[in-house]
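Asker: Protein chains in written order, with the numbering used here: chain B, 117 to 309; chain L, 117 to 309.
C-beta: ideal position from N, C-alpha, C; glycine also.
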DNA sequence: TCTCACACTTAAACTAGATTAAGAAATGGA
DNA sequence: TCCATTTCTTAATCTAGTTTAAGTGTGAGA
C-alpha cells in the first residue's frame with residue numbers, strides 16, 4: 117500500500133488515522149495478463165489503482181473488432197467513470213496487457229471515503245477531472261487527420277508505454293491497421309536520417 | 117425563466133424560495149448567430165442553458181480547420197466542463213449556429229448553488245454525468261469506421277437537428293468533407309427506393 | 001429588387017489507408 | 001530447451017474518402 121500512499125502524499129499528506137481508514141476500504145489484487153477488470157454489459161463496480169503493470173480500455177464495434185480508447189499504467193487510476201457513477205451497464209472492457217498488481221475500491225466504499233475524508237474528496241476530484249480532460253483530448257487528437265500525426269501525439273502522451281506496448285495495441289488505439297503502423301514507423305526512421 | 121424551471125421540475129419540484137435564489141444567480145442573454153460564448157485560449161467561466169436556438173462546440177486543428185465535437189439545442193446545458201471545473205484555458209469554441217436565447221451562470225455562483233441547494237446539486241450531478249457519457253459515446257461512435265454508419269448514428273442521436281443544421285456542420289461533426297456527405301445522402305436515398 | 005456570400009451537388013482525378021498474403025522474429029508456456 | 005502462438009514487416013492490390021473545379025440554388029441585407 118506504500119506506493120499508493122506515496123503517490124497520494126505528493127499532493128496531500130495523510131494522518132495515520134486516515135491511512136488506516138483508506139486501507140480498510142481498499143483491497144489488493146494480483147491479476148494475470150489478458151484478464152479483465154471490467155467486461156462490457158456489466159456495471160463498473162470497482163475503481164482500480166495500478167501499482168505495477170499496464171491496462172487497456174477498449175470497446176468492440178458491430179463487426180467484433182476492438183478499439184483501444186485509453187491506456188493506463190503504474191500510478192494511474194482506471195474505471196469506466198460513466199458506468200461507475202451511474203451504476204449502469206458499461207460498453208467498455210478493461211484488460212491487463214501485462215501481469216498487474218492493483219488496488220481496488222468499490223463504489224459505496226469510495227463514496228464513504230469521499231464524504232468522510234475531505235482529502236480523499238479533493239484527490240478524487242482531481243483524478244476524475246484529469247480523466248475527463250484525457251478523454252476530451254482523445255477526441256481532439258482524432259482531429260489530426262493523418263495517422264502519422266496521431267502516432268506522434270501518441271508518442272508524446274505515452275512516452276513510457278510506446279516501447280512497452282505491442283504494435284497491434286498501438287494501432288488499435290490510433291484507429292489504423294498494424295500493417296500501416298509498420299509503414300509509418302519505417303517512414304519516420306527514414307525521415308530521421 | 118419559466119422554461120428553465122419547467123425543465124428542472126420534470127425531475128425535481130422547486131419551492132418559491134429556491135426559485136428566487138436560482139433566479140438571482142442566473143442571467144438571461146440574447147445572442148446572435150455566429151457569435152461565441154466560449155473562445156479557445158480563454159477560461160470557460162459560464163455554464164450556458166439554451167432556451168432557444170442551437171450551438172456547436174468545436175476545436176481547430178494545426179491547419180486551421182475546425183471540427184465539431186458536439187451540438188446542443190433547446191433544453192441542453194453546454195460548457196467546456198474540463199475548463200469550467202479547473203478554470204484553465206479551453207481548447208474549444210462554442211458558437212451559436214442560430215440566434216439564441218440563453219441563461220448563463222458563472223462558476224462561483226453555480227458552486228454556491230451546488231453547496232446550498234441540494235436539488236441543484238443533484239440536478240447538476242445528472243447534467244455533468246450525461247455530458248461525460250455523451251463525450252464518451254462520441255469516442256465510441258468514431259469506431260464505426262465507415263462514414264455512412266457514423267452518419268446514421270448521428271441521425272439517431274440528433275433527429276431534431278439533422279434537418280436544421282447546415283450540411284457543412286454535420287460533415288465537420290462526422291469528420292468528412294461536405295462533398296462526401298452529399299454522396300452518402302445520395303446513396304442512402306437510392307437504397308430507400 | 002439585386003447581389004453577394006453561403007450552402008448543396010456532381011463528377012473526375014487522386015491518395016491515405018485497408019486488405020490479403022506470406023515470411024521472419026520474438027515471446028511465453030510446458 | 002523446443003514448440004506454438006503471437007507479433008512485426010513488406011509488398012501488391014484495392015477502396016473509402018479527399019481534392020479540385022464548376023454549376024445550381026437560396027436567403028439576408030442594401
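Answer with buried or exposed for residue 165 (chain B), where buried requires no fewer than 16 other C-beta atoms within 10 angstroms of its C-beta.
Answerer: Stepping through the first chain from its first residue, residue 165 (chain B) is reached at position 49. Answer is buried; the Cβ neighbour count reaches 16.
Asker: Does the count of Cβ pairs from the region 163–183 of chain L and the region 205–216 of chain L closer than 8 Å reach three?
Answerer: Yes, the region 163–183 of chain L is in contact with the region 205–216 of chain L.
Asker: Using a Cβ-Cβ cutoff of 9 Å, what residues of the region 250–264 of chain B are near chain L? List them in chain order.
Answerer: The region 250–264 of chain B vs chain L, Cβ under 9 Å: 251, 252, 253, 254, 255, 256, 258, 259, 260, 261.
Asker: Can you find a CB in chain B that lies within less than 7 Å of the CB of residue 248 (chain L)?
Answerer: Working through the second chain from its first residue, we reach residue 248 (chain L) at position 132. Chain B contact via Cβ: present.
Asker: Mind the definition here: the region 276–287 of chain B touches the region 275–295 of chain L only if three or more C-beta pairs lie below 8 Å; say whether that holds.
Answerer: Contact between the region 276–287 of chain B and the region 275–295 of chain L is absent, because fewer than three Cβ pairs lie under 8 Å.
Asker: Return the residues of the region 205–237 of chain B that lie within a Cβ-Cβ distance of less than 7 Å from chain L, sorted by chain order.
Answerer: For the region 205–237 of chain B, which is checked against every Cβ of chain L, the residues closer than 7 Å are 207.
Asker: For residue 158 (chain L), which option in L:207, L:232, L:171 has the closest C-alpha, if you only look at C-alpha atoms?
Answerer: Counting from one through the second chain, the residue named residue 158 (chain L) turns up at place 42. Nearest of L:207, L:232, L:171 to residue 158 (chain L), Cα basis: L:207.
Asker: Report the residue from B:236, B:221, B:178, B:172 whose alpha carbon sits nearest the alpha carbon of residue 212 (chain B).
Answerer: The residue you call residue 212 (chain B) lines up with position 96 of the first chain. Checked all of B:236, B:221, B:178, B:172; the closest Cα to residue 212 (chain B) is B:172.
Asker: Tell whether a beta-carbon distance below 7 Å holds between residue 188 (chain B) and residue 197 (chain B).
Answerer: As a working mapping, residue 188 (chain B) is identified with position 72 in the first chain. As a working mapping, residue 197 (chain B) is identified with position 81 in the first chain. No, Cβ-Cβ distance for residue 188 (chain B) and residue 197 (chain B) is not below 7 Å.
Asker: Spatial neighbours of residue 142 (chain B) within its chain, please: CB distance less than 6 Å, with the 5 preceding and 5 following residues excluded, ordered by chain position.
Answerer: As a working note, residue 142 (chain B) is residue 26 in the first chain. 219, 221.
Asker: Here's the rule: buried if 16 or more other CB atoms are within 10 angstroms of the residue's CB, otherwise exposed. What is residue 232 (chain B)?
Answerer: Position 116 of the first chain, counted from the first residue, corresponds to residue 232 (chain B). Classification for residue 232 (chain B): exposed.
Asker: Show which residues of chain B have a CB atom less than 7 Å away from the CB atom of residue 310 (chain L).
Answerer: Since the first and last residues shown for chain L are 117 and 309, residue 310 (chain L) lies out of range.
Asker: Identify which residue in B:275, B:272, B:262 has its Cα closest to the Cα of residue 297 (chain B).
Answerer: What you label residue 297 (chain B) is simply residue 181 of the first chain in a count that begins at 1. Nearest C-alpha to residue 297 (chain B): B:262.
Asker: CA-CA distance, residue 201 (chain L) and residue 302 (chain L)?
Answerer: Residue mapping note: residue 201 (chain L) aligns to position 85 of the second chain, counting from 1. Residue mapping note: residue 302 (chain L) aligns to position 186 of the second chain, counting from 1. The straight-line gap from Cα to Cα measures roughly 43 Å.
Asker: Against chain L, with Cβ distances strictly below 7 Å, would residue 201 (chain B) count as a contact?
Answerer: Counted from its first residue, the first chain places residue 201 (chain B) at position 85. Output row for residue 201 (chain B): interface = yes.
Asker: Return the chain-ordered ranges of every alpha helix (DSSP H) run that is complete within the region 219–282 of chain B and spans a minimum of 4 residues.
Answerer: Segments of the alpha helix (DSSP H) lying fully in the region 219–282 of chain B: 223–232, 234–257, 263–273.
Asker: Can you name the start and end residues of the beta strand (DSSP E) that residue 291 (chain B) belongs to?
Answerer: Sequence index remark: in the first chain, residue 291 (chain B) carries index 175 (1-based). Neither: residue 291 (chain B) is in no beta strand (DSSP E) and is coded neither H nor E.
Asker: With 7 Å as the threshold, decide whether the Cβ of residue 157 (chain B) is near any Cβ in chain L.
Answerer: As a position in the first chain, residue 157 (chain B) is number 41, starting the count at 1. It does not: the Cβ of residue 157 (chain B) has no partner Cβ on chain L nearer than 7 Å.
Asker: Which of the three DSSP states, helix, strand or coil, is assigned to residue 146 (chain L)?
Answerer: The residue given as residue 146 (chain L) occupies position 30 in the second chain. Reduced to three states, the DSSP call for residue 146 (chain L) is strand.
Asker: Is the Cβ of residue 177 (chain B) closer than 7 Å to any Cβ of chain L?
Answerer: Position 61 of the first chain, counting from 1, holds the residue named residue 177 (chain B). It does: the Cβ of residue 177 (chain B) has a partner Cβ on chain L nearer than 7 Å.
Asker: Closer than 7 Å between beta carbons: that is the criterion. Which residues of the region 121–146 of chain L meet it against chain B?
Answerer: Flagged: no residues at all.
Asker: Classify residue 162 (chain B) as helix, strand or coil using the three-state DSSP reduction.
Answerer: In the first chain, counting from the first residue as 1, residue 162 (chain B) sits at position 46. It is a strand residue.
Asker: Grouping DSSP H, G and I as helix and E and B as strand, with all else coil, what is residue 211 (chain L)?
Answerer: Locating residue 211 (chain L) in the second chain gives position 95, counting from the first residue. Here residue 211 (chain L) sits in strand by DSSP.
Asker: Is there a Cβ of chain B sitting closer than 7 Å to that of residue 292 (chain L), yes or no?
Answerer: Looking up residue 292 (chain L) in the second chain gives position 176. False, the Cβ-Cβ gap to chain B never drops below 7 Å.
Asker: Output needed for residue 155 (chain B): all residues of its chain with C-beta closer than 7 Å, excluding positions within five of it in sequence on either side, in chain order.
Answerer: As a working mapping, residue 155 (chain B) is identified with position 39 in the first chain. The residues are 209.
Asker: Along the chain, where does the alpha helix (DSSP H) that runs through residue 138 (chain L) open and close?
Answerer: Position 22 of the second chain, counted from the first residue, corresponds to residue 138 (chain L). Looking at the DSSP string, the run of the alpha helix (DSSP H) that includes residue 138 (chain L) is 132–141.
Asker: Does chain B have any CB closer than 7 Å to the CB of residue 245 (chain L)?
Answerer: Here residue 245 (chain L) refers to the residue found at position 129 of the second chain. By this cut-off, residue 245 (chain L) is an interface position.
Asker: Rank B:247, B:224, B:270, B:144 by C-alpha distance to the C-alpha of residue 257 (chain B) and give the top, closest one.
Answerer: Taking the first chain and counting its residues from 1, one reaches residue 257 (chain B) at position 141. Ranking B:247, B:224, B:270, B:144 by Cα distance to residue 257 (chain B) puts B:270 first.
Asker: With respect to the alpha helix (DSSP H) encompassing residue 118 (chain L), which residues constitute its N-terminal and C-terminal limits?
Answerer: By 1-based counting over the second chain, the position of residue 118 (chain L) is 2. Counting along the chain, the alpha helix (DSSP H) containing residue 118 (chain L) begins and ends at 118–125.
Asker: Compute the distance between the beta-carbons of residue 128 (chain B) and residue 235 (chain B), then report whether it is under 7 Å.
Answerer: To locate residue 128 (chain B), count along the first chain from 1; it is residue 12. To locate residue 235 (chain B), count along the first chain from 1; it is residue 119. Yes.
Asker: Excluding sequence positions up to five away, which residues of its chain have a Cβ less than 6 Å from the Cβ of residue 147 (chain B)?
Answerer: If you number the first chain from 1, residue 147 (chain B) lands on position 31. Cβ within range, chain order: 212, 216.
Asker: Comparing alpha-carbon positions, which option in B:122, B:274, B:161 lies nearest residue 170 (chain B)?
Answerer: Taking the first residue of the first chain as position 1, residue 170 (chain B) is located at position 54. The option with the nearest alpha carbon to residue 170 (chain B) is B:274.
Asker: When you compare each of L:225, L:161, L:306, L:192 to residue 277 (chain L) by their alpha carbons, which one comes out closest?
Answerer: Mapped onto the second chain, residue 277 (chain L) falls at position 161. Nearest C-alpha to residue 277 (chain L): L:192.
Asker: Give the DSSP-derived three-state secondary structure of residue 128 (chain B) in the structure shown.
Answerer: To locate residue 128 (chain B), count along the first chain from 1; it is residue 12. In the structure shown, residue 128 (chain B) sits in coil (DSSP, three-state: anything other than H, G, I, E or B).
Asker: Taking Cβ-Cβ distances shorter than 8 Å, what residues in chain B pair up with residue 198 (chain L)?
Answerer: Residue mapping note: residue 198 (chain L) aligns to position 82 of the second chain, counting from 1. Near residue 198 (chain L) (Cβ distances below 8 Å), the residues of chain B are 245, 248, 249, 252.
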